[in-house]
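Chemist: Sending over a structure as structure tokens; questions will come in a sec.
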Amino acid sequence: MITGGPWGHDTITGDSGLEREWLLTNGLGGYAMGTVAGGLTRGYHSLLTVAQRPPRQRVRLLAGLLTTVDDGYGECPLWMQEWAPGVLSPGGEGVLWRFWLENGQPVWEYQCRGLWLRYRLVMPFQTASVIAAWEWQASYPVTVRITPLVSGRDHHRLGSVLPTWEWGNDGFRATWPHIRLSMRIPGTDFHPRPLPYYHFYYRAEAERGLAASEDLWSAGGWVIPLPAGVGRVRGWAWANDPEPDGDREWEAEQRRRSALVQYAKEVNLPAGLALAADSFRVTTTSGQSTVIAGYPWFTDWGRDTFIALPGLARSQPEGLRWGESVIRSWADLLTDGLLPNRFLDDGEVPDWSSVDTVLWWIIRIWDWGRRMTASRRQTFWQSLLPAVDEALGRLAEGTRYGIGADGAGWLRLADPNRALTWMDARIGDWVVTPRSGYPVEINALWINALTAHDIMARQLGLSSRWSSVANLLAQAFGERFRHPDGAGLADVIRLDGSRDPAIRPNQLLALALPRPLVGGAMADRIMRTVESRLVTPIGLYSLSPGDPAFRSRFTGPPEMRDQAYHQGAIWPFWLGAYIDAWRAVDPEQAHLRAKTLWPIILTHLDEAGVGSMSEVMDPTTHRGRGCPFQAWSVAEAIRLAVDHGAATAPKASRGSD
Numbered sequence: 025m026i027t028g029g030p031w032g033h034d035t036i037t038g039d040s041g042l043e044r045e046w047l048l049t050n051g052l053g054g055y056a057m058g059t060v061a062g063g064l065t066r067g068y069h070s071l072l073t074v075a076q077r078p079p080r081q082r083v084r085l086l087a088g089l090l091t092t093v094d095d096g097y098g099e100c101p102l103w104m105q106e107w108a109p110g111v112l113s114p115g116g117e118g119v120l121w122r123f124w125l126e127n128g129q130p131v132w133e134y135q136c137r138g139l140w141l142r143y144r145l146v147m148p149f150q151t152a153s154v155i156a157a158w159e160w161q162a163s164y165p166v167t168v169r170i171t172p173l174v175s176g177r178d179h180h181r182l183g184s185v186l187p188t189w190e191w192g193n194d195g196f197r198a199t200w201p202h203i204r205l206s207m208r209i210p211g212t213d214f215h216p217r218p219l220p221y222y223h224f225y226y227r228a229e230a231e232r233g234l235a236a237s238e239d240l241w242s243a244g245g246w247v248i249p250l251p252a253g254v255g256r257v258r259g260w261a262w263a264n265d266p267e268p269d270g271d272r273e274w275e276a277e278q279r280r281r282s283a284l285v286q287y288a289k290e291v292n293l294p295a296g297l298a299l300a301a302d303s304f305r306v307t308t309t310s311g312q313s314t315v316i317a318g319y320p321w322f323t324d325w326g327r328d329t330f331i332a333l334p335g336l337a338r339s340q341p342e343g344l345r346w347g348e349s350v351i352r353s354w355a356d357l358l359t360d361g362l363l364p365n366r367f368l369d370d371g372e373v374p375d376w377s378s379v380d381t382v383l384w385w386i387i388r389i390w391d392w393g394r395r396m397t398a399s400r401r402q403t404f405w406q407s408l409l410p411a412v413d414e415a416l417g418r419l420a421e422g423t424r425y426g427i428g429a430d431g432a433g434w435l436r437l438a439d440p441n442r443a444l445t446w447m448d449a450r451i452g453d454w455v456v457t458p459r460s461g462y463p464v465e466i467n468a469l470w471i472n473a474l475t476a477h478d479i480m481a482r483q484l485g486l487s488s489r490w491s492s493v494a495n496l497l498a499q500a501f502g503e504r505f506r507h508p509d510g511a512g513l514a515d516v517i518r519l520d521g522s523r524d525p526a527i528r529p530n531q532l533l534a535l536a537l538p539r540p541l542v543g544g545a546m547a548d549r550i551m552r553t554v555e556s557r558l559v560t561p562i563g564l565y566s567l568s569p570g571d572p573a574f575r576s577r578f579t580g581p582p583e584m585r586d587q588a589y590h591q592g593a594i595w596p597f598w599l600g601a602y603i604d605a606w607r608a609v610d611p612e613q614a615h616l617r618a619k620t621l622w623p624i625i626l627t628h629l630d631e632a633g634v635g636s637m638s639e640v641m642d643p644t645t646h647r648g649r650g651c652p653f654q655a656w657s658v659a660e661a662i663r664l665a666v667d668h669g670a671a672t673a674p675k676a677s678r679g680s681d
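As numbered in the numbering used here, residues 25 to 681 make up the sequence shown, in order.
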């Protein structure tokens with residue numbers, strides 16, 4: 025099934041083709057990724073990047089395959105690359121005619137010198153491998169040369185490493201100190217000829233103010249004579265041993281993806297979004313379930329995992345069971361009342377600098393149990409309630425980073441040098457968006473987490489020490505956080521007692537969580553403020569454009585981007601909370617607004633990361649920026665479709681008999 029495109033020659037060549045990217049993943053943190061036009065524009069682009077300790081410690085192995093057609097009178101390259109800004113050769117984009125996603129997998133069609141050639145990539149689930157297939161129809165005999173390029177480095181760092189080579193009749197093996205890459209195209213001849221390929225220029229890295237050039241290595245190549253008529257070959261590359269059964273793995277992956285497509289139809293979800301969601305679900309080395317926050321550079325992040333969990337679960341038949349496994353996996357990590365903010369690709373010790381990950385986790389325990397049968401719910405809640413109580417107790421009495429409850433029970437962040445909320449950008453020691461004190465969404469999450477414990481305990485026939493404080497805080501919330509100018513709720517009550525007047529989407533959580541904390545006139549003011557100052561067709565501004573601190577562009581080197589990250593950048597994932605908040609105020613308006621947003625979301629699926637959604641959007645151009653494939657952006661779009669009926673076609677009116 026075509027789940028993206030098809031796009032024709034004019035759309036997929038030149039800058040347009042280089043700015044659109046495709047992604048395949050293997051459920052272990054490994055991936056393949058590149059541009060629709062075929063040229064490498066990021067150091068992350070590869071046909072096989074694998075996780076040595078899934079889903080982390082990722083190594084870029086197979087950077088690409090260069091295909092050239094020779095009919096005896098001349099050569100026709102089917103590939104292209106940028107070698108310096110604006111310098112592209114050898115011009116393979118001129119013969120690229122169509123590109124599409126078939127069940128989420130990239131397919132290219134070329135026409136050149138009497139040859140029609142279709143090239144496909146498949147990444148089998150739970151294997152460190154990739155399969156390439158070439159199908160052709162030739163008017164007369166031609167020869168195809170396929171040259172592999174290898175890298176052998178950490179996927180974050182440019183600078184390929186020369187391997188030790190071994191060659192076989194139909195393939196090669198490249199070995200580095202800690203990993204090995206092998207590739208075969210059965211039934212063909214491989215011709216050894218190790219060579220460096222110099223100065224690959226990565227325009228996307230240059231635009232991000234990063235190193236943007238490196239050399240790659242080739243082992244030689246396959247020379248494949250194609251007779252007139254039709255034919256097909258497949259080849260596969262894999263990390264370490266054993267060699268996969270490429271044909272069997274190909275068929276198994278097609279069946280797996282077809283099942284996801286069929287389920288998407290049953291729940292009225294665009295199949296492309298279901299397949300996009302599948303890319304973020306991963307299994308760790310120890311067999312536990314977690315979520316990759318985004319590709320290519322993020323690992324598993326706690327906050328992202330639990331915000332994205334409902335949407336990702338909606339897209340698969342076993343979503344409830346999968347979500348339960350994620351929740352249980354993270355329970356094992358609870359330390360000092362906190363859960364990790366993120367795991368680092370190159371380290372064993374996680375980053376704990378997050379106050380809200382554990383609060384989202386508790387709310388998801390409550391939420392997930394409500395979806396279960398009574399007996400299963402009881403077992404689930406009984407097993408986790410002690411950990412929930414322990415976490416709330418540690419937060420209340422005080423834990424790391426100056427996190428703790430004050431005498432009235434409000435959750436306070438006492439260290440001004442820490443960035444502990446989702447607005448966590450730092451440049452050196454500078455916290456770009458200081459939010460020490462009492463952030464509005466943190467206290468909304470805190471009250472909901474306290475409430476979650478109370479409800480779960482009572483349903484298990486137990487008492488909760490958090491019941492009274494949750495109710496007292498909930499009753500006082502609206503007045504406590506009232507905005508000084510009447511614009512809904514203040515973003516932060518600072519440590520000195522003053523109120524931060526910045527207009528941000530954070531106040532939506534006072535309405536969007538399972539226990540809404542305001543109603544009536546205050547709820548109306550929040551929604552009017554958000555509608556008039558923050559909402560765009562593709563997400564919410566992180567800061568009102570009328571604020572003097574607003575940054576109007578998300579471009580340039582890391583320092584410039586970090587200054588705009590939470591000071592103007594548009595975040596698509598906030599659309600979920602925005603519609604949830606409307607549902608608390610006016611369910612009919614929630615449905616209408618979700619349907620209004622839906623066409624723009626579908627349009628974005630054809631841009632940036634095709635078939636998926638970007639992390640952020642530029643505040644001025646509304647073009648995708650940041651990570652091109654982001655879990656919580658995709659997940660919240662899925663919730664708009666499934667929970668709020670955004671993708672539901674209007675019912676046809678009945679004519680007269």
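Where is the CB? At the ideal position from N, CA and C, for every residue including glycine.
(1) Quick one: is HIS202 buried, meaning 16 or more other Cβ sit within 10 Å of its Cβ, or exposed?
(2) When the Cβ atoms of the region 221-231 are set against those of the region 136-150, are three or more pairs found closer than 8 Å?
(3) Exposed or buried, which one is ASP453 when buried takes at least 16 other CB atoms within 10 Å?
(4) In or out: PRO251 buried (at least 16 other Cβ within 10 Å) or exposed?
(5) List the endpoints of the continuous alpha helix (DSSP H) containing PHE597.
(6) Spatial neighbours of PRO674 within its chain, please: C-beta separation below 8 Å, excluding the five flanking residues on both sides.
(7) Using a Cβ-Cβ cut-off of 8 Å (strictly less than) and excluding sequence neighbours within five positions of GLU126, which residues of its own chain qualify?
(8) Along the chain, where does the beta strand (DSSP E) that runs through TRP262 open and close?
(9) Which of the three DSSP states, helix, strand or coil, is assigned to VAL379?
(10) Taking the C-alpha atoms as reference points, what is the distance between TRP606 and ASP548?
(11) Cα separation between TRP385 and PHE330?
(12) Quick one: grab the DSSP three-state call for VAL350.
(13) Quick one, which of VAL640, PRO596, ILE625 has its alpha-carbon nearest ARG585's?
(14) Answer with buried or exposed for SER487, where buried requires no fewer than 16 other C-beta atoms within 10 angstroms of its C-beta.
(15) Just checking my contact of LEU141 with HIS33 at CB under 8 Å: how many whole Å lie between their CB atoms?
(16) Starting from TRP274 and walking both ways along the beta strand (DSSP E), at which residues does that stretch end?
(17) How do the region 439-447 and the region 503-514 stand: do at least 3 beta-carbon pairs fall below 8 Å, yes or no?
(18) Measure the C-alpha to C-alpha separation of LEU368 and GLN150 and round it to an integer number of angstroms.
(19) If we require 3 or more residues per run, which beta strand (DSSP E) segments fall completely within the region 140-222?
(20) For ASP413, which residues of its own chain have a beta-carbon under 7 Å away from its beta-carbon, when the five flanking residues on both sides are left out?
(21) Leaving out five residues on either side along the sequence, give the residues of the same chain with a beta carbon under 6 Å from the beta carbon of GLY343.
(22) Would you say PRO643 and ARG557 are within 8 Å of each other, going by their C-beta atoms?
(23) Looking only at C-alpha atoms, which of PRO463, VAL168, GLY563, ILE479 sits nearest to ASP524?
(24) Keeping to the same chain, check which residues put their C-beta closer than 8 Å to that of LEU86; ignore five residues upstream and five downstream.
(25) Tell me whether GLU99 is buried or exposed, calling it buried when 16 or more other Cβ atoms sit within 10 Å of its Cβ.
(26) Look up ALA317 in the DSSP assignment and say whether it is helix, strand or coil.
(27) What's the gap between the Cα of TYR221 and the Cα of ASP239?
(28) Rounding to the nearest angstrom, what Cα-Cα distance links GLY608 and VAL542 in this structure?
(29) Less than 8 Å between the C-beta atoms of THR428 and GLU45, yes or no?
(30) Opposite TYR225 in the DSSP bridges: which residues?
(31) Give me the residue from VAL254, THR65, THR620, SER657 with the minimum Cα distance to LEU629.
(32) Pull up the distance between the alpha-carbon of LEU469 and that of LEU496, whole angstroms please.
(33) How big is the Cα-Cα spacing for GLN613 and GLY502?
(34) Could you tell me the alpha carbon to alpha carbon distance between PRO334 and GLY347, rounded to whole angstroms?
(35) If you compare alpha carbons, which of ALA162, ILE170, ARG217 is closest to TRP189?
(36) Give the single residue among GLU117, ALA162, ALA108, THR49 whose Cα lies nearest to the Cα of ALA235.
Modeler: Once the coordinates are examined:
(1) HIS202 is exposed by the Cβ-count criterion.
(2) At 8 Å Cβ cutoff, the stretches do not touch.
(3) With fewer than 16 other Cβ atoms within 10 Å, it is exposed.
(4) Exposed, because fewer than 16 other Cβ atoms sit within 10 Å of the Cβ of PRO251.
(5) Looking at the DSSP string, PHE597 is not in any alpha helix (DSSP H), and its letter there is neither H nor E.
(6) Its pLDDT being 45, under 50, PRO674 is placed unreliably in this model, and the value from its coordinates should be taken loosely. Nothing meets the Cβ criterion.
(7) Once the five neighbours on either side are set aside, the close Cβ partners of GLU126 are MET25, ILE26, THR27, ARG144.
(8) Counting along the chain, the unbroken beta strand (DSSP E) around TRP262 starts and ends at 253-263.
(9) In this structure, VAL379 counts as coil in the three-state DSSP scheme.
(10) Taking the straight line from one Cα to the other gives about 10 Å.
(11) When the Cα atoms are used, TRP385 and PHE330 turn out to be separated by approximately 6 Å.
(12) In the structure shown, VAL350 adopts helical secondary structure according to DSSP, grouped into three states.
(13) Selected option, being the one with the closest Cα: VAL640.
(14) By the 16-neighbour rule on beta-carbons within 10 angstroms, SER487 is exposed.
(15) Not a contact, Cβ separation roughly 15 Å.
(16) Here TRP274 belongs to no beta strand (DSSP E); instead the alpha helix (DSSP H) covers 270-290.
(17) Short answer: they don't touch.
(18) If you take the alpha carbons of LEU368 and GLN150, they lie about 21 Å apart.
(19) As summarised for the region 140-222, the continuous beta strand (DSSP E) elements at least 3 residues long and confined to that stretch are 153-162, 166-178, 188-191, 195-200, 203-208, given in chain order.
(20) Same-chain partners within the cutoff: HIS477.
(21) Residues ALA337 of the same chain have their beta carbon placed closer than 6 Å to that of GLY343, with the five preceding and five following residues left out of the count.
(22) Against a cut-off of 8 Å, the Cβ pair of ARG557 and PRO643 comes out as no contact.
(23) Across the set PRO463, VAL168, GLY563, ILE479, the C-alpha of PRO463 shows the shortest separation from the C-alpha of ASP524.
(24) Taken in chain order, the residues that qualify are SER70, LEU71, LEU72, VAL154, PRO172, LEU173, VAL174, SER175, LEU205, MET207, ALA261.
(25) Around the beta-carbon of GLU99, fewer than 16 other beta-carbon atoms lie within 10 Å, marking it exposed.
(26) DSSP places ALA317 in coil when its eight states are reduced to three.
(27) Here the alpha carbons of ASP239 and TYR221 stand approximately 6 Å from one another.
(28) Note on residue identity: the sequence assigns Ala, not Gly, to residue 608. Taking the straight line joining both Cα atoms gives about 10 Å.
(29) In the sequence under discussion, the amino acid at residue 428 is Gly, which differs from the Thr named in the question. GLU45 sits away from GLY428, with the two beta carbons spaced by 8 Å or more.
(30) Bridge partners of TYR225: SER237.
(31) Here the closest residue by C-alpha is SER657.
(32) Whole-angstrom Cα-Cα distance: 15 Å.
(33) When only Cα atoms are considered, GLN613 and GLY502 end up about 23 Å apart.
(34) Rounded to whole angstroms, PRO334 to GLY347 spans 8 Å at the Cα level.
(35) Residue ARG217 is the option with its Cα nearest to TRP189.
(36) Nearest option by C-alpha distance: ALA108.
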